[in-house]
Amino acid sequence: MSSLMATPQDLVEHALETTTAEHCAVVVRDSSTANLRWAANTLTTNGLMSATTMTVVSVRTGSSGSAVGVLSRSVTSRGQVERLVTEADAAADLADPADDAADLAVGEAAADWSDEPGRTSLDILSGFGAGLGEAFDRSRAASRKLYGYVEHDVTTTYLGTSTGLRLRHEQPTGHVGVTAKPDDWSASAWVGRAVEHLTEIDVDALDAELGRRLGWAQHQVELPAGRYQTLLPPTAVADLAIYAYWVASGRDAYEGQTVFSDPTGGTRIGEHIAKAGVRLGSDPTATGLAAAPFVVATASGSSASVFDNGLPLAATDWIADGRLTALHTSRYTAGLTGLAVASPVDNLRLTVDRGAGSADDLVATTDGRALLLTCLWYIREVDPQTLLLTGLTRDGVYLVEGGEVVGAVNNFRFNESPIDLLNRFSEAGSTERSFSREWGDYFPRTATPTLRVPDFNMSSVSQAS
Amino acid sequence: MPPSHHLVDPEFSALPFAKLADTALQRARDFGAEHTDFRVERLRSQRLVLKDAGLVDASEDDALGCCVRVILDGAWGYAAGVGLSIDDVVRITEQAIAVARAARPMVTDPIVLADEPVHADRTWVSDYDIDPFSVPQAEKVALLAGWSRDLLRSASVDHVSAVVNQVRENKYYADSAGTTTMQQRIRIDPEVEVYGSDASRGVLDSMRTTAPPVGRGWEYLTGTGFDWPGELAQLPDLLAEKLTAPAVQSGRYDLVIHPSNLWLTIHESIGHATELDRVLGYEANYAGTSFATLDGLGSLQYGSPQLNVTGDRVVSHGLATIGYDDDGVETQQWDLIKDGTLVGYQTDRAMAKLMGWERSTGCAYADSPGHIPIQRMANVSLAASLDTISTDDLIARVENGLFVVGDKSWSIDMQRYNFQFTGQRFYAIKDGVLQGQVRDAAYQGTTTEFWGRMEAVGGADTWSLQGAFNCGKAQPGQVAAVSHGCPSALFRDIAILNTTAEAGH
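Chains as they are written, first to last, in my numbering: chain R, 46 to 510; chain W, 14 to 518.
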């Protein structure tokens, strides 16, 4: 950051000094991102981006309640901040009282408030790039092609309120995904990892795993649609669990719109919706999955309120021992629905009591024939009431016989509900850091086990290979 | 080009573009870049959300930033930031050069751009009447709250949501060949959905408006381009009928598909499949590839002879419509499928050159100042019949079938073969006559087989421009808005699933 530019903390303080509203919350997000993208063993696009965005929540309190103006804008200077705050104040002047109005969180400056924002840079990618260049060389020699993407982002959030709160959270996020195909595109394999720092990624190990999987695909088997014993690895379980998490709004459930709604009214809180021993939870302090420990809301919605900015986030079980224990609420929607306040946290962990072993371990103990999936793709909701999802297998479905992988199978379209699967799985592995193929770019912090499902519904065959 | 009576937003056009662009282009020239483009973009958006007539969200976003993209020794280098001073522009230009140098050792196919005439000092503004950001928020909220309250008076409606996304997009572009363009687009996406339940059967369901998102302004909600009072008045009865409708029997049916549903099938199975970047594998790790490979250009039987599909970025009110793309290419219309045969692809300049083609079709687009342009979808549209054929005429040709209206759930595989779609509502057709709704239906198909079963398309009176705001692609993820025009169409012998049976319930 050049010395002429205001620091994020300066921008927050200047906004709070500028506002004429009774109350104000200000969020500054300072982010930097570096990425590389490649296809067919050559780099395609890349980028180095930085941005600073400020959200101003102006609260005007009148006789009939509190009205709010919420504006978010790219800012770099004090002048831009003044204009933004003036416009947010004016929006609050013109607004009717907000239904979700509540007192802003009260507090003081956190110990790390004055720390500079974290940054990523091109250098972060250099180690990865060297490994990638070698992987390209190996791929050319082996008549195969690599396609993929790596990104590292550091976003530092500064949150200040007119009630004294000053909070900072630095969020490093990295992820890599690599698809490998033989030169004739007759098969496809994928590996992906989410990390906090790119140094955690071993490019050679990813490349070796792709080689192992393309080796499995040298023997190809056609199978028809049907119900199969299926091993869902942690990536595929994350693909499904994140969807269930995203539709876990308490208000939407209370208003009869989701799988968490009781068809006779209210929610299914307290009901056993999954097998005993199943736990789905979030914890901002979870090792390797650390996420913001306070609410950052730049817009209100079914599960969020801009008035809740800065409220502490706690470890929360959404499902505990198979029982639905919490749904996403703001203070306002908690009051509306009679549920406890439970703001969403930016990570998710699924565990099963006595779950043990990796996907490879579950392959080795498989009785009879099973399908081992790589990941799921294009997952969309077919029926909100049951959370029936459709989607496809992608980049490697493998046939397991006699406790080992014996070949690759065609892809399938599935129709399944993650909530049903949490009742029907017959065995679970240990929970490990995972990276959802479909949603990981947007929700990278997950830990999930491998699940064995005795009768996964492969609805039709997909010719995609 | 659609004529527009509006000027570019003066706050945007007042930025010191010439000075900033000269700085970026000169600094990149200092390092010997073969090509440089400099883009400044402002993206102003507001999302209005009402639940049960109460305002939930009216927050606004306003992103402003600039970026530099260079080709240096055959490698792309891209950098972006939010500062707009000379120093900021020098810094990101140098960063872009540094990125290109770092990338170079990993590049085996040098990047070269297809030729494009120079378009100097061009201004283009989309066709709309009322900029949504000029309408007082109270007026906007009052309209949606009034609609919501009317709907809540119906016994079948338990809850109602109303959401309107509004965007004003400004782009300034200058490149080292001398093209400079300044553009402005307005788009709007209104949706109203009602929710209800049938306690006796334990069924929960919803019904949503079928009004498409369009490249229009606030006038779209007040009488121009769509009959809102007409559609809103029907929603409660449509919901009530759906809640108590009999379940569909799975099996094979003839389908008449309304444009409000068919557009999404076109988007997924033709729009994405004819993107050249997917064909070449650039999206292999994310959005996927395409079955419509290069060896099929000019020969692949994509569908029946009734299948005539164009790509365009010029149709009035189209969401992908613009004057010049983010490669500086003037937009156009061209054939993708002619009489059922694949004849074209969507390209950007680098891909057009790679293929040895003369010119790009103008599909480069970046969704924000912080993202690099990639090949994005044009308005991909199915032509109507030249004959006068109504939707009722198509229905009259069906003995045992379904009429599908409105989009809902959608999914297609990574090569664009196998798809499954649901809809807002499915009506039974018996002996050429429309019956009541059936529920829990989904149609499944494989792209070329499905389009091969298209027996007839409706005439121009059945054609309408539909579309989406939320098409996702690329890494880092980018979102684009795109329109699809299509008529009603008749398909024979299509697989219908009962989704409740699929769920095993």
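In this text, a Cβ means the ideal position worked out from N, Cα and C, and glycines have one as well. Just so it is clear, the structure is predicted and the values come from calculations on it, not from any experiment.
*asked:* If you follow the beta strand (DSSP E) that T419(R) is in, where does it begin and where does it stop?
replied: For this step, residue 419(R) is matched to residue 374 along the first sequence. Here the beta strand (DSSP E) through T419(R) covers 415–428.
_I'd like to know whether the C-beta atoms of V148(W) and G209(W) end up nearer to each other than 9 Å._
By 1-based counting over the second sequence, the position of residue 148(W) is 135. By 1-based counting over the second sequence, the position of residue 209(W) is 196. Not closer than 9 Å, so no.
*Exposed or buried, what is P29(W) when buried is set at 16 or more other beta-carbons lying within 10 Å of its beta-carbon?*
As a first step, residue 29(W) must be located in the second sequence, where it is residue number 16. P29(W) counts as exposed, since fewer than 16 other C-beta atoms from the protein chains shown sit within 10 angstroms of its C-beta.
_Check for me: the alpha helix (DSSP H) holding L165(W) runs from which residue to which?_
Looking up residue 165(W) in the second sequence gives position 152. Residues 150–165.
_Is it buried or exposed, R272(R), if we count other Cβ atoms within 10 angstroms and call 16 or more buried?_
Here residue 272(R) refers to the residue found at position 227 when the first sequence is read from its first residue. So R272(R) counts as exposed.
*Name, in chain order, the residues that DSSP records as bridge partners for I402(W).*
Here the question's residue 402(W) lines up with position 389 in the second sequence. None, per the DSSP bridge assignment.
*Per-residue contacts from G96(W) into chain R (C-beta, under 7 Å)*: Position 83 of the second sequence holds residue 96(W). Within 7 Å of the CB of G96(W), the CB atoms of chain R belong to T121, in sequence order along the chain.
*Cβ-based burial, N86(R) [other Cβ within 10 Å; buried from 16]*: For this step, residue 86(R) is matched to residue 41 along the first sequence. Under this definition N86(R) is a buried residue.
*Of the choices L252(W), P226(W), A212(W), whose alpha-carbon is the least far from that of P7(W)?*
What is shown of chain W runs 14 to 518, which leaves residue 7(W) out entirely.
*Reducing DSSP to helix, strand and coil, say where I408(W) ends up.*
As a position in the second sequence, residue 408(W) is number 395, starting the count at 1. Helix.
*Where does the unbroken alpha helix (DSSP H) through G260(R) begin, and where does it stop?*
Within the first sequence, numbered from 1, the residue matching residue 260(R) stands at position 215. 248–261 is the extent of the alpha helix (DSSP H) around G260(R).
*Are any of the Cβ atoms in chain R nearer than 9 Å to that of C484(W)?*
Taking the first residue of the second sequence as 1, we reach residue 484(W) at position 471. At a cut-off of 9 Å between beta carbons, C484(W) makes no contact with chain R.
_Since D267(W) and N413(W) should fall inside the 8 Å C-beta cutoff, what is the C-beta to C-beta distance between them, to a whole number of angstroms?_
As a first step, residue 267(W) must be located in the second sequence, where it is residue number 254. As a first step, residue 413(W) must be located in the second sequence, where it is residue number 400. Contact check for D267(W) and N413(W): beta-carbon distance about 7 Å, within the 8 Å limit, so the pair qualifies.
*asked:* Between M195(W) and chain R, is any beta-carbon pair separated by less than 9 Å?
replied: Counted from its first residue, the second sequence places residue 195(W) at position 182. Chain R contact via Cβ: absent.
*Beta-carbon of Y203(R) versus every beta-carbon of chain W: anything under 9 Å?*
By one-based count along the first sequence, residue 203(R) stands at place 158. Look at Y203(R): its C-beta is not under 9 Å from any C-beta on chain W.
*beta strand (DSSP E) segment containing E196(R), residue limits*: Here residue 196(R) refers to the residue found at position 151 of the first sequence. From DSSP, the beta strand (DSSP E) with E196(R) extends over 189–206.
*Assign P162(R) to buried or exposed, taking buried as 16 or more other Cβ atoms, counted over all protein chains shown, within 10 Å of its Cβ.*
What you label residue 162(R) is simply residue 117 of the first sequence in a count that begins at 1. Result: buried.
*the segment 231–247 of chain R in contact with the segment 382–392 of chain R per 3-pair CB rule at 8 Å*: Three or more Cβ pairs closer than 8 Å define a contact, and the segment 231–247 of chain R falls short of that threshold against the segment 382–392 of chain R.
*Buried or exposed for Q54(R), please, with buried defined as at least 16 other CB atoms from any protein chain shown within 10 angstroms of its CB.*
Within the first sequence, the letter at position 9 stands for residue 54(R). So Q54(R) ends up on the buried side.
*From the beta carbon of R82(R), is the nearest beta carbon of chain W less than 9 Å away?*
If you number the first sequence from 1, residue 82(R) lands on position 37. With 9 Å as the cut-off, R82(R) counts as an interface residue toward chain W.
*If you run the structure through DSSP and keep just helix, strand and coil, what is T52(R)?*
For this step, residue 52(R) is matched to residue 7 along the first sequence. Note: T52(R) maps to coil in three-state DSSP.
*Three or more beta-carbon pairs under 8 Å between the segment 328–348 of chain W and the segment 358–376 of chain W, yes or no?*
Contact annotation: the segment 328–348 of chain W touches the segment 358–376 of chain W, with at least three C-beta pairs closer than 8 Å.
*Reduced DSSP category for W276(W) - H, G, I as helix; E, B as strand; rest coil*: For the purposes of this step, residue 276(W) is taken as the residue at position 263 of the second sequence. Three-state DSSP puts W276(W) in a helix.
_Here's the rule: buried if 16 or more other CB atoms are within 10 angstroms of the residue's CB, otherwise exposed. What is Q433(W)?_
Counting from 1 along the second sequence, the entry for residue 433(W) is found at position 420. Q433(W) counts as buried, since no fewer than 16 other beta carbons sit within 10 angstroms of its beta carbon.
_Selection of the segment 474–498 of chain W by Cβ proximity to chain R, strictly under 7 Å_ = Taking 7 Å as the upper bound on Cβ-Cβ separation, chain R lies near residues Q488, P489, G490 of the segment 474–498 of chain W.
*Do we get a CB-CB distance below 9 Å when we pair A516(W) with the residues of chain R?*
One-based indexing of the second sequence puts residue 516(W) at position 503. At a cut-off of 9 Å between beta carbons, A516(W) contacts chain R.
*Spatially closest choice to D519(W) from A224(W), V69(W), A253(W), by CA coordinates*: Because chain W spans 14 through 518 in this model, residue 519(W) falls outside it and cannot be assessed.
_Just to make sure I have the definition right: I need the residues of chain R whose C-beta is within less than 7 Å of the C-beta of W423(W). Which are they?_
Residue 423(W) sits at position 410 when you count from the first residue of the second sequence. Near W423(W) (Cβ distances below 7 Å), the residues of chain R are R425.
*With 16 other Cβ atoms within 10 Å as the buried cut-off, status of R521(R)*: Nothing can be reported for residue 521(R): it is not among the residues displayed for chain R, which extend from 46 to 510.
_Please confirm whether R376(R) has its beta-carbon closer than 9 Å to some beta-carbon of chain W._
The count along the first sequence starts at 1 and reaches residue 376(R) at position 331. Between R376(R) and chain W, the shortest Cβ-Cβ separation is not below 9 Å.
*Within-9 Å CB hit, P53(R) to chain W*: Working through the first sequence from its first residue, we reach residue 53(R) at position 8. No - not a single Cβ of chain W is within 9 Å of the one on P53(R).
_Pop quiz: E73(W) and S117(R) are said to be a contact at Cβ under 8 Å. What is the actual Cβ separation, rounded to whole angstroms?_
The residue given as residue 73(W) occupies position 60 in the second sequence. The residue given as residue 117(R) occupies position 72 in the first sequence. Indeed, because the Cβ distance is near 7 Å, the residues count as touching under 8 Å.
*Within 9 Å (strictly less), CB to CB, does V125(W) reach chain R?*
Along the second sequence, one-based indexing puts residue 125(W) at 112. Contact of V125(W) with chain R is not assigned, every C-beta pair being separated by 9 Å or more.
*Does the beta-carbon distance from G205(R) to V120(R) come in below 9 Å?*
The count along the first sequence starts at 1 and reaches residue 205(R) at position 160. The count along the first sequence starts at 1 and reaches residue 120(R) at position 75. No, the pair does not count as a contact, with Cβ atoms beyond the cut-off.
*Which full runs of the beta strand (DSSP E) of 3+ residues lie inside the segment 195–254 of chain W, going along the chain?*
The beta strand (DSSP E) runs lying completely inside the segment 195–254 of chain W and spanning 3 residues or more are 216–221, given in chain order.
*Measure the alpha-carbon distance for A116(W) versus T309(R) and round it to whole angstroms.*
The residue given as residue 116(W) occupies position 103 in the second sequence. The residue given as residue 309(R) occupies position 264 in the first sequence. If you draw a straight line from the Cα of A116(W) to the Cα of T309(R), it comes to about 59 Å.
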